[in-house]
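Below is one structure, written out as structure tokens; the observations come after it.
Residue numbers (the UniProt record's numbering): 1 to 160.
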């Protein structure tokens, strides 16, 4: 699609699929659920034309990126670790990257900003505001109390 290149990068013990185009400062796009890198295809082309290196991975468990079998491999720390390793592999560790993220990707990006602010120049969150951790309330319990059980982030947490 319009010169978008695809490759695999070894990060944090998994093989991650990455779509990218352009040269210049890095803009990292993180997709939501149930999405893929493809969500950002138009933005990749547009930002590359403006002189940026636009990069959109398939996150852990999505698309052509490895999907570990163990559910405990999908913690926030694991996925943020994937993104940290990706940023470092792109050479964005020095100047930092611009991050644009939607939905589940925005939740991960908020934690990236908290855990590794040195890697982020700027962050745009779409659809998901910052929700600080509360020592007495688990994140899903807070969402369930606010949005109800039918909110998709709660629905997919149910045990059958």
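Where is the CB? At the ideal position from N, CA and C, for every residue including glycine.
For the alpha helix (DSSP H) that residue i lies in, which residues bound it at each end?
i	result
residue 89	76 to 90
residue 4	Premise fails: residue 4 is in no alpha helix (DSSP H) and is neither H nor E.
Reducing DSSP to helix, strand and coil, say where residue i ends up.
i	result
residue 132	coil
residue 191	With the chain running from 1 to 160 in the structure shown, residue 191 is simply not present.
residue 33	coil
residue 60	coil
residue 127	coil
residue 67	coil
residue 41	helix
residue 101	strand
residue 28	strand
residue 95	coil
Would you kindly report the start and end of the unbroken beta strand (DSSP E) that includes residue i?
i	result
residue 141	Per DSSP, residue 141 belongs to no beta strand (DSSP E); it is in the alpha helix (DSSP H), 139 to 147.
residue 19	14 to 21
Residue i to residue j, Cα distance in whole Å?
i	j	result
residue 4	residue 57	12 Å
residue 55	residue 37	9 Å
residue 112	residue 83	8 Å
residue 135	residue 145	16 Å
residue 59	residue 65	7 Å
residue 26	residue 86	12 Å
residue 18	residue 29	10 Å
residue 14	residue 80	13 Å
residue 107	residue 94	23 Å
residue 88	residue 143	33 Å
residue 133	residue 61	24 Å
residue 77	residue 116	11 Å
When we look at the beta-carbon of residue i and count the other beta-carbons within 10 Å, is it buried (16 or more) or exposed?
i	result
residue 105	buried
residue 103	buried
residue 24	exposed
residue 31	buried
residue 20	buried
residue 42	exposed
residue 67	exposed
Any beta-carbon of chain C closer than 9 Å to the one on residue i?
i	result
residue 94	In the structure shown, chain C cannot be found, because there is only a single protein chain.
Three or more C-beta pairs below 8 Å linking the stretch 71 to 79 and the stretch 44 to 51: Judged by Cβ distances under 8 Å, the stretch 71 to 79 makes no contact with the stretch 44 to 51, as fewer than three pairs qualify.
Stretch pair the stretch 109 to 124 + the stretch 91 to 100: three plus CB contacts closer than 8 Å: Yes: at least three Cβ pairs fall under 8 Å.
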